[in-house]
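> For the sequence shown, the working numbering gives the first residue as 18, with consecutive numbering after it.
Ideal placement from N, C-alpha and C gives every residue a C-beta, glycine not left out.
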Amino acid sequence: MKIYVPLAALFGIIWCLIHGNIDINNFIFGFLLGLLTIRPFRFLYKPEENFKLFSPPTRIFSIIKYLMVLIREIIKANIAVAKIVTRPKIDIKPGIIAVPIRCKTDLGITGIANTITLTPGTITVDISDDHSVLYVHCIDASNPTDTCESIRNTLEKYILEAFE
């Protein structure tokens, strides 16, 4: 129960910010809406997998570093995709590649899968039954080894540091 109140308060604050009207009535409505939204989904909360933002204290810096790398990779991928689509002759080899991952927790696996999907030119399409391999569709899969290494050495490295 003690987790619901802070989350509902966060809902209330977000509700006020979305509506651009910060007053007590708007906050109370958002808070109550948050409680009504959180309560039915309480079974999704697993205390043993509780992610602590400030434990260890350096985690917040790892998350900020991950976000900076993510923005850099999105910009690089946007430029690469723009080059591909603006060429007079599109010479690509799209395909699905298997990317072995080191992430073990649900949060880490979800983080790397969503990060790959956010990056233009790639989308995560499946995960192996043992959760050790992601299947990624690439706009240009002509060199799958380089693509796997790029994902593991940039995106996954920072996901592991921030969320595992």
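#1: Please report the straight-line C-alpha distance between E65 and P111, rounded to a whole angstrom.
#2: Within 10 angstroms of the Cβ of E173, are there 16 or more other Cβ atoms? Answer buried if so, exposed if not.
#3: Helix, strand or coil for P105 per DSSP?
#4: If we count the other Cβ atoms within 10 Å of its Cβ and call it buried at 16 or more, is T164 buried or exposed?
#5: Just verifying my parser: in three-state terms, what is the DSSP assignment at R76?
#6: Nearest-angstrom Cα distance between A25 and I113?
#7: Count the other C-beta atoms from every protein chain shown that fall within 10 angstroms of the C-beta of L53, then say buried if there are 16 or more, exposed otherwise.
#8: According to DSSP, simplified to helix, strand and coil, what is A97?
#9: Mark I92 as exposed unless 16 or more other C-beta atoms lie within 10 angstroms of its C-beta, in which case mark it buried.
Reading it off the structure:
#1: Here residue 65 is taken as the residue at index 48 of the sequence shown, counted from 1. Here residue 111 is taken as the residue at index 94 of the sequence shown, counted from 1. Interpretation of E65 is limited by its pLDDT of 46, a score under 50 that renders its predicted location unreliable; no figure is taken from the coordinates.
#2: Counting from one through the sequence shown, the residue named residue 173 turns up at place 156. Flag for E173 reads buried.
#3: Taking the first residue of the sequence shown as 1, we reach residue 105 at position 88. Look at P105 here: in three-state DSSP terms it is coil, with no helix or strand label.
#4: As a first step, residue 164 must be located in the sequence shown, where it is residue number 147. Label assigned to T164: buried.
#5: Taking the first residue of the sequence shown as 1, we reach residue 76 at position 59. Looking at R76 - three-state DSSP - the assignment turns out to be helix.
#6: Reading the sequence shown from its first residue, position 8 is the one you call residue 25. Reading the sequence shown from its first residue, position 96 is the one you call residue 113. Cα to Cα, the separation comes out at about 41 Å.
#7: Numbered from 1 along the sequence shown, position 36 holds the residue referred to as residue 53. Taking all protein chains shown into account, L53 has fewer than 16 neighbouring C-beta atoms within 10 Å of its C-beta and is therefore exposed.
#8: Taking the first residue of the sequence shown as position 1, residue 97 is located at position 80. Helix, per DSSP.
#9: The residue given as residue 92 occupies position 75 in the sequence shown. It counts as exposed.
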